[in-house]
Amino acid sequence: MVFRIKALCQRRRHHAKLVTTELERIKVVKLQDQNVKGKCVGRSKDSLGEIKQYDCLELDKLGKVTKSVLVDEAKKVCRVNKKTNVSKKDNERWNFEVKKVITEKKKASLDLLSANANHKQRANTKKGHLER
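Residues 1 to 132 in the UniProt record's numbering are what the sequence shown spells out, letter by letter.
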């Protein structure tokens, strides 16, 4: 049983944290106001009317274009929360190689801490057996 728990802990120990990206929140609560709702619907109709020239697009591409138009118009009318969650590591200098080196370094330091703890624990158990 102890070995099984130890194996589970070792598998979970070195998971890298996910890097969060920019998160914008549209203030959709404003759509409850009829004036704002009418403005958003009108602007969306005008923008989607211009998309009629894209009749030859495939369904998935047309869906992506429609979604981007609706989101852009909602951002313009309802506005976006000023507070965004931007990761400090989400820039060009934190490329894949740098991230890989850092995760390897973190894993090595955690392995060293684990080995030191195991060594101390074994020394304490040996000391306990010798005193008996």
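For glycine and all other residues, C-beta sits at the position ideal for the given N, C-alpha and C.
For the candidate residues the options, whose alpha-carbon lies nearest to that of residue i?
i	options	result
G49	D33, L70, E58	L70
Give the straight-line distance between the Cα atoms of residue i and residue j, rounded to the nearest whole angstrom.
i	j	result
I102	L113	17 Å
A115	Q121	10 Å
K100	D111	16 Å
residue 164	N118	Outside the modelled stretch of the chain, which goes from 1 to 132, sits residue 164, for which no answer is possible.
A74	V29	11 Å
Y40	E97	Sequence check: residue 40 is Cys here, not Tyr. Spanning the two alpha carbons is a distance of roughly 44 Å.
K107	K76	45 Å
V36	L57	31 Å
S47	E104	49 Å
G128	N95	50 Å
V65	Q34	26 Å
N124	S109	23 Å
L62	D72	15 Å
L59	G38	28 Å
Mind reading off the beta-carbon distance from residue i to residue j? Whole number of angstroms is fine, and I expect it under 8 Å.
i	j	result
C78	K27	5 Å
R25	V80	7 Å
How is the alpha helix (DSSP H) around residue i delimited, first residue to last?
i	result
E73	59-78
D46	34-49
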